[in-house]
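Each residue of the first sequence is one higher than the last, beginning at 31 in the numbering used here. Every residue, glycine too, gets a C-beta built ideally from N, C-alpha and C.
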Amino acid sequence: MSHFHFPPQDNSCKYPDLMNTVPENQDHNRRRLRRATLAEKIKVLDWHNNSERKCQQATLQYFHDLGEFAITKSTMNRWVLNEKELRQDYKNLTLNNNKVYKTKPKFKDPEVNRCLELLYDQITNENCTITERELIQRWSNFYLMFYNIPKTDFNSSTIPTKSNGWLHHFKRRTAFKRDLVKRFHTDSELYSVRTLEDEKLRLKNTLARYQLSQIYQLDEVSFKINPTCFIPNHQSNSLTIPDPAERVTVALCVNATGSSVFAPLIVSDLEPSNKIMKSLKNLFYSKSGLLTTEIFFKYLKSVNDTIAQNAPQEKIVILLDDLYTHIVPQDEFTNIELVYFAPSLNKLDYYPLDFGVIRIFKTEVKYSIMQIFFKKLTIGMDQSFSKTFTLSKEDLISVIMDTWNTMKYNTMLTSTSFHNSQLIPSFAVLNQHRSMPFDSDVSFSLRDTNKETQIVNMLRVIQERNLFRNHKGLPSRKHSDLYIDHFLFPAEEKVENVHLQDSDIIELVRREHTGIDPDLESGQASSSSIQHNISQIGQPESAAQTTLHPTGSNESRYLHNGYPQDQPTHPTQRQHNTNIVPSPLTTNLIMGELDNLKSQRTAPHSAMLANSNDVSMNKSSANGETVEATEIGKLMLGRLKDFFSLPENINHYSNSAIQFHRFLNTYLQESNDLYMKSYANQKINKQSRGYNSSQNLEQPSKRRQLEGTTNSFDQFMG
DNA sequence: ACCGTCACATACACGCAAGC
DNA sequence: GCTTGCGTGTATGTGACGGT
């Protein structure tokens with residue numbers, strides 16, 4: 031009966047919120063406020079969770095008094111009860127609808143609709159146009175393709191027709207992004223740049239307003255979990271683009287002094303499975319594995335909010351290339367300005383990060399990856415090749431995080447990269463590092479020849495054992511530079527604008543729609559601590575965490591650098607620990623393995639060196655440590671082999687045998703590292719311009735000392 | 001060819017009030 | 001102070017139509 035309290039004219043007003051001129055305190059003439067958008071509901075929930083009392087009435091009162099949207103006791107209670115679901119929906123908001131989204135849309139053919147969205151997105155990104163008739167035609171095409179309807183059944187009755195009205199709404203739904211991209215493409219200043227000189231001038235003028243520490247560049251790289259040089263592309267899918275499900279994409283964002291850095295954006299199709307992963311606010315999950323505009327926007331927003339929280343006055347500028355996903359609305363950025371490189375120049379070599387940061391980052395990560403592969407090669411005897419040379423995404427992400435956590439203290443690397451790009455006032459850098467003997471050599475970019483040599487050596491070992499399944503990825507190893515370049519920067523790992531074929535769109539949408547949202551558990555923890563966690567992104571970690579690990583042993587590293595130590599079940603650890611289980615097969619393999627190890631030890635590194643004719647190694651020229659390691663290795667192996675040559679011993683002590691086996695593998699790995707280090711150190715002395723990052727990663731005090739004199743700088747640069 | 005409006009359909013979410 | 005059943009309002013997809 032009470033429903034008739036409202037006079038009919040209330041209902042006739044479709045948008046009561048537009049009539050706010052009516053005073054609200056007149057009860058008899060009260061207008062209903064508009065419904066809350068999903069974003070507003072989330073705002074209420076956040077406020078509620080962060081409030082002292084967590085009293086629904088109090089929260090209700092607060093937002094009721096604001097009078098921005100309708101809210102009642104029962105409504106709000108339902109929001110609280112459905113919090114997980116609401117937050118799940120909130121994650122799926124796009125830039126197009128996040129301002130208006132209220133009710134979950136129910137499309138007739140959601141998948142086909144999504145296909146058309148992707149297509150339309152791409153068309154606007156590529157600055158093309160499409161007529162409405164064509165759009166409707168494409169909808170039908172997608173419909174046929176998605177449901178695998180053969181063209182022979184091509185009668186109009188099987189395909190639902192789409193009307194003009196439908197199209198109008200479709201275009202309105204996608205209007206926000208379209209206008210955004212259009213604005214980018216009509217930026218006359220950006221597109222009028224013709225020469226590199228113009229561009230440098232333009233950027234210098236723009237950047238002049240900022241201090242060095244406020245100038246950032248962001249750029250993406252990716253890593254394939256199964257490098258094609260080891261495993262030929264199986265092409266189980268029909269994608270014409272690099273498969274996003276097989277890679278992890280990383281966006282580095284650093285400033286010109288290297289002083290303040292943000293955790294890199296990491297995207298993959300690996301769903302966060304534990305609390306740690308969920309708490310990392312720079313780690314993003316996308317069902318297709320692709321970096322989306324939304325993810326990129328969220329990342330930048332969190333960077334912005336971090337600055338706004340810690341230093342409200344600080345304004346920074348971020349340099350970006352013309353990757354489609356970089357085009358985001360900027361009106362919400364209070365502390366960030368985005369500046370794009372001129373797309374018309376087609377990526378000439380002048381981006382600061384390309385002068386060393388990217389290369390060294392890739393080198394470090396690939397080095398760790400190779401170590402994992404090596405470990406799997408020696409330990410995982412019963413694994414297939416494709417398994418051996420495929421990383422889990424957890425491992426890869428861990429490696430990326432660890433690498434970053436080490437590299438971010440290398441301010442020298444970053445500042446030098448920026449300096450060499452010549453986009454910033456050079457005197458400022460020279461003032462900071464007065465000892466730098468730089469000339470105007472533009473093409474000079476930094477690299478870690480030490481690590482690169484080690485990688486090449488490891489690749490050679492693999493090549494000699496004929497483990498390369500696919501030689502396409504790597505050129506002749508005689509051209510050492512090409513060799514390493516192809517390994518570090520294979521085409522499949524480039525992050526660039528791609529053109530999706532219709533079949534790609536279908537495939538991606540299929541992937542997006544498989545599985546029915548399994549993520550309805552344990553959203554509680556992350557929700558209540560969102561505010562807290564966001565602040566973690568930009569927090570420079572304390573120097574105490576710079577612990578460097580001399581060995582390549584990865585297990586030890588996971589315990590440091592960003593992962594809380596009270597979390598015993600990191601996926602990586604779990605995997606490595608269960609790697610060796612006592613089984614008859616493993617036990618039987620031990621004898622053979624011991625032989626293997628011994629042959630490598632007694633003829634030290636012959637396998638590693640067989641083809642490195644440029645440097646001849648012998649024991650006397652190696653440093654003492656290496657010789658010692660080799661001798662100890664020989665000694666131990668001899669004893670062990672004797673001991674385990676008796677069958678009853680191996681049966682009786684099978685567990686111990688496995689332990690020994692494991693220990694020896696670690697030992698082998700570490701002495702390999704030692705060896706490679708001494709090998710590379712010798713080599714590096716011959717190089718006129720190398721970059722020895724291992725020295726640079728010393729304690730800060732030592733670095734300062736190095737910077738003090740010109741002589742030590744030469745030594746520092748190799 | 002493009003753009004906008006309208007009527008209609010529908011499912012979800014709102015507000016009330018009673019119940020816990 | 002929080003939850004729930006019920007009747008209905010609201011948001012929004014859809015397609016027809018008409019104007020420019």
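| Check | Outcome |
| --- | --- |
| Residue 495 burial status per 10 Å Cβ neighbour count (16 or more: buried) | exposed |
| Inter-residue spacing [alpha-carbon to alpha-carbon] between residue 333 and residue 312 | 9 Å |
| Distance, residue 446 Cα to residue 252 Cα | 23 Å |
| Chain-order list of residues whose beta-carbon lies under 8 Å from that of residue 172 (same chain, five-residue window excluded) | 142, 145, 146, 149, 532, 535, 536 |
| Residue 211 burial status per 10 Å Cβ neighbour count (16 or more: buried) | buried |
| Residue 250, DSSP secondary structure in three states | strand |
| Within 7 Å, strictly: CB atoms of residue 192 and residue 166 | yes |
| Beta-carbon spacing of residue 223, residue 372 below 7 Å | yes |
| Alpha-carbon spacing of residue 483 relative to residue 204, whole angstroms | 50 Å |
| First and last residue of the uninterrupted beta strand (DSSP E) at residue 749 | Residue 749 lies beyond the range of the chain shown here (31 to 748); nothing can be said about it. |
| Cβ distance (whole Å) where residue 247 is taken to contact residue 345 below 8 Å | Going by Cβ atoms, the distance from residue 247 to residue 345 rounds to 16 Å, so no, they are not a contact pair. |
| Per-residue DSSP class, three states only, for residue 315 | strand |
| Assigned exposure category for residue 155 - 16 Cβ within 10 Å defines buried | buried |
| Cut-off 7 Å between Cβ atoms - residues of its own chain near residue 426, not counting five sequence neighbours on either side | 253, 255, 278 |
| Contact set for residue 295: own chain, Cβ-Cβ below 6 Å, skip 5 residues either direction | 281, 312, 329 |
| According to DSSP, residues forming a beta bridge with residue 370 | 350 |
| Residue 96, buried or exposed, once every other Cβ within 10 Å from all chains shown has been counted against 16 | exposed |
| Contact the region 302 to 321 vs the region 101 to 110: 3+ CB pairs below 8 Å | no |
| Nearest neighbour of residue 177, chosen from 380, 139, 352 [CA to CA] | 139 |
| Residue 238 vs residue 454 beta-carbon contact at 7 Å | no |
| Bridge partners - residue 298, DSSP secondary structure assignment | 315 |
| Cα-Cα separation, residue 273 to residue 361 | 33 Å |
| Cut-off 7 Å between Cβ atoms - residues of its own chain near residue 218, not counting five sequence neighbours on either side | none |
| Integer Cβ distance of residue 518 from residue 377, believed to fall under 8 Å | 18 Å between Cβ atoms; not a contact. |
| Contacting residues, own chain, Cβ-Cβ under 6 Å from residue 337 (five flanking each side not counted) | 344, 365 |
| DSSP-derived helix/strand/coil call for residue 160 | coil |
| Residues sharing a beta bridge with residue 525, DSSP | For residue 525, which the question treats as bridged, DSSP gives no partner whatsoever. |
| Residues near residue 2 by beta carbon distance below 8 Å, same chain, minus five either side | What the structure shows of the chain is the stretch from 31 to 748, and residue 2 is not part of that stretch, so it cannot be assessed. |
| Distance between residue 320 and residue 349 (C-alpha atoms, nearest Å) | 21 Å |
| Residue 124 versus 526, 227, 230, 326, residue with shortest Cα-Cα distance | 326 |
| Rounded distance between the beta-carbons of residue 388 and residue 477, thought under 8 Å | The Cβ separation is near 10 Å, so there is no contact. |
| Where residue 159 falls, given that 16 or more other Cβ within 10 Å makes a residue buried | exposed |
| For residue 291, the residue or residues it bridges with in DSSP | 284 |
| Whether residue 423 touches residue 298 by CB criterion (7 Å) | yes |
| Beta carbon of residue 316 nearer than 7 Å to that of residue 385 | no |
| Exposure label - residue 88; buried when at least 16 CB within 10 Å | exposed |
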